[in-house]
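Number of protein chains: 2
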Amino acid sequence: MVDVARHAGVSIKTVSRVINNEPNVQRQLAERVLASVAELGFRRNHLARTLRSGQSTATIGLIIEDLANPFYSTIAAVAAEVARQHETLLITASSEEDPQREQQLLRDLCSRRVDGLLIVPAGYDHAFLRPEVEMGTPVVFLDRPAGGLLADTVLLDNRGGAQAGVRALLERGHQRIGILLDSVSVYTMRERVGGAQEALASAGIAYDERLVADGVHDPEGAAAAVARMLTAPTPPTAFFSLNNRITVGVLQELWRRKSRVEVVGFDDFELSHLMPQRFTVVAYDTRQMARTAADLLFQRIAGERSWPRTVTLPTALVERGLS
Amino acid sequence: MVDVARHAGVSIKTVSRVINNEPNVQRQLAERVLASVAELGFRRNHLARTLRSGQSTATIGLIIEDLANPFYSTIAAVAAEVARQHETLLITASSEEDPQREQQLLRDLCSRRVDGLLIVPAGYDHAFLRPEVEMGTPVVFLDRPAGGLLADTVLLDNRGGAQAGVRALLERGHQRIGILLDSVSVYTMRERVGGAQEALASAGIAYDERLVADGVHDPEGAAAAVARMLTAPTPPTAFFSLNNRITVGVLQELWRRKSRVEVVGFDDFELSHLMPQRFTVVAYDTRQMARTAADLLFQRIAGERSWPRTVTLPTALVERGLS
DNA sequence: ATGAAAGCGCTAACAG
DNA sequence: CTGTTAGCGCTTTCAT
């Protein structure tokens, strides 16, 4: 900037004024400065600008589990979109479900003085963020609640969705429903299992452990679990799958066996309408969830000081697959 | 940092030394500093640290077309992964195929002094980046070549892949092959069309404009184009689709018509193995492409000064779908 | 082994 | 309208 000032024969402050489109600069000078800027290939150092306290970095941070997963990349896309509307850039990082790493990344983002944080939490304890929050960095949690920290949170109605899904199967006369889930160590899974249990209980059906497969982490695992259950003495007449990766594995295994056992799966997914059998998904609007969270965050960044809110978004049953 | 120094009763420089794990600090003092850091909730300002010239920001920038698209989110995920191995964070932004916006974002990233740039270019002219490149910001282009700028580039063998795809159909006896593409304004589409034409030409088959559908931007458009071609006087006996969104639309329309016309499509996609008919994809390794580009970028960041390279990655034909 | 002082590139506050 | 000066929070000399 000093170079530009010298080149244009003005003071550094005038350059600053021109760069920032401040009023009260003679046209003539401004043009000279702009010319020098172009000639010298000057680009303002945004970091230095930010250093003066009270300035914003025009950057927000997003922590998700896995950027390659469509659910999370949708969230990232919406976050980037909303950020852009606020002339802000987005730093995205994946925690890979590792609380340790999540904390590390969060600290790193804070040391970069991001204007705000959007978090799909992997860990259970976010108390370590309290100093940052108190120092004025807004934080919004997404898809899962925070631990040990009061903050805005946007969740899905996992419990209600699971209840509706199981109820649909019960209404179609099913009594033996196989339930497949990833891991109860994940909040959303716990909620969904809870909802399923509630629906069974209120229909007066006992929760049969043999009809529950835990630790199903991928489609292959789901296929194996389905095969196991279907060859057991009293096989289920329907499956309730607790996420879309599992649903895909279930459908694949059913197709392989030419079985037409009914399926309800939590989460919609791309191409679900082209799957080889009719089934039902518990759907929701991922973009809306992300948008709600991002909007909340920017409201906070803009100075909103109200008490932290928790928003719960609805789910809906939708028919999918080729009939 | 001044506060910490005062609290610990040492100089600011000692705090700096402790924070940076520099040697030559008494255990005792170091512990006192660490205690103060914890108590005051101090977090080093990474931006200020970076301000001293010669320091790196430990941040790279990635420009893609659309973060919500699995192809790009895979690239972003790999970029973030490689970045993490270098203790670097990733700023991701979508250009939405808008050269204007791409340029704006790139300038913005440069003003944040990123250590390097990974670009899937939307525009045709990247000469405006030359000053930055000369000032030492490495740039690697991905999936499409740069315009007006010599830089490392990682591409796919679009031409060869398309040739192989069309050749496969010709070998199965097809003479009338319907070709569906998005827009020749996109580099990859031009290359793929070129490859298809070459394969037809070397088989002595004239390129029939009526068998080519341009401007197919989504599955619905693809379905409509397929419907149109199949009800024309001399319908094609096979389709070659130039991207996976189009392929999905083609498959859906064929299923609707209970037609078993053969299909070859460029790009593999998730769940392609569960599509309702056999078909062939021109597949490639997106992760490898992204990894190659990111590795190249970090080599440059580490000081590699060799002449810019262009790497072209191979494609392979793979059978997909339920038989 | 520790500290004092200068300076990174910019903006805020105040003069002229 | 324009310029001077003092910092922002940290690291890098260079003394001690």
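These protein sequences, in sequence, are chains A and B. The numbering of the first sequence is my numbering, which starts it at -8 and goes up by one. The numbering of the second sequence is my numbering, which starts it at -8 and goes up by one. Beta carbons: idealized from backbone N, C-alpha and C, even for Gly.
Selection from the options that minimises the alpha carbon distance to residue i
i: residue 108 of chain A; options: A:142, A:277 and A:89; result: A:142
i: residue 137 of chain A; options: A:118, A:288, A:218 and A:122; result: A:118
i: residue 313 of chain A; options: B:282, B:260, B:243 and B:110; result: B:243
i: residue 171 of chain B; options: B:196, B:220 and B:2; result: B:220
i: residue 133 of chain A; options: A:-1, A:124 and A:111; result: A:111
i: residue 362 of chain B; options: B:308, B:225, B:278 and B:307; result: Nothing in the structure corresponds to residue 362 of chain B, since chain B is present only between -8 and 314.
i: residue 250 of chain A; options: A:268, A:175 and A:17; result: A:268
i: residue 36 of chain B; options: B:125, B:296 and B:48; result: B:48
CB contact below 9 angstroms: residue i versus chain B
i: residue 85 of chain A; result: yes
i: residue 102 of chain A; result: yes
i: residue 109 of chain A; result: no
i: residue 218 of chain A; result: no
i: residue 257 of chain A; result: no
i: residue 264 of chain A; result: yes
i: residue 64 of chain A; result: yes
i: residue 260 of chain A; result: yes
i: residue 24 of chain A; result: no
i: residue 252 of chain A; result: no
i: residue 162 of chain A; result: no
i: residue 239 of chain A; result: yes
i: residue 154 of chain A; result: no
i: residue 126 of chain A; result: yes
i: residue 318 of chain A; result: In the structure as shown, chain A starts at -8 and stops at 314, and residue 318 of chain A therefore has no counterpart that could be examined.
Residues that residue i bridges to, as DSSP identifies them
i: residue 256 of chain B; result: B:232 and B:272
i: residue 311 of chain A; result: A:270
i: residue 169 of chain A; result: A:230
i: residue 52 of chain A; result: A:82 and A:108
i: residue 304 of chain A; result: A:147
i: residue 362 of chain B; result: The displayed coordinates of chain B run from -8 to 314. Any statement about residue 362 of chain B would go beyond what the structure contains.
Interface partners of residue i on chain B, CB under 8 angstroms
i: residue 54 of chain A; result: Result: empty, since nearest Cβ-Cβ is about 11 angstroms, beyond 8 angstroms.
Residue i - containing beta strand (DSSP E), residue span
i: residue 84 of chain B; result: 80 to 85
i: residue 143 of chain B; result: 143 to 147
i: residue 119 of chain A; result: Segment: none, residue 119 of chain A is in no beta strand (DSSP E) and carries neither H nor E.
Minimum Cβ-Cβ distance from residue i to chain A less than 9 angstroms
i: residue 232 of chain B; result: no
i: residue 99 of chain B; result: yes
i: residue 67 of chain B; result: yes
i: residue 32 of chain B; result: yes
i: residue 71 of chain B; result: yes
i: residue 140 of chain B; result: no
i: residue 75 of chain B; result: yes
i: residue 19 of chain B; result: no
i: residue 61 of chain B; result: yes
i: residue -6 of chain B; result: no
i: residue 96 of chain B; result: yes
Boundaries (first-last residue) of the alpha helix (DSSP H) holding residue i
i: residue 283 of chain B; result: 277 to 292
i: residue 38 of chain B; result: 37 to 42
i: residue 20 of chain B; result: 18 to 31
i: residue 186 of chain A; result: 178 to 193
i: residue 65 of chain B; result: 61 to 76
i: residue 222 of chain B; result: Looking at the DSSP string, residue 222 of chain B is not in any alpha helix (DSSP H), and its letter there is neither H nor E.
i: residue 140 of chain A; result: Here residue 140 of chain A belongs to no alpha helix (DSSP H), and DSSP marks it neither H nor E.
i: residue 131 of chain A; result: Note, residue 131 of chain A: premise wrong, no alpha helix (DSSP H); beta strand (DSSP E) at 130 to 133.
i: residue -6 of chain B; result: -7 to -1
i: residue 7 of chain A; result: 3 to 10
i: residue 90 of chain A; result: 90 to 102
Residues that residue i contacts on chain A, provided the C-beta gap is smaller than 7 angstroms
i: residue 37 of chain B; result: 102 and 103
Under 9 angstroms by beta carbon: chain A residues contacting residue i
i: residue 246 of chain B; result: 265 and 313
i: residue 82 of chain B; result: 50, 80, 81, 82 and 83
Per-residue contacts from residue i into chain B (C-beta, under 7 angstroms)
i: residue 41 of chain A; result: 38
i: residue 122 of chain A; result: 32
i: residue 243 of chain A; result: 265
Chain A contact residues for residue i, given Cβ-Cβ distances below 8 angstroms
i: residue 58 of chain B; result: 64, 67, 68 and 71
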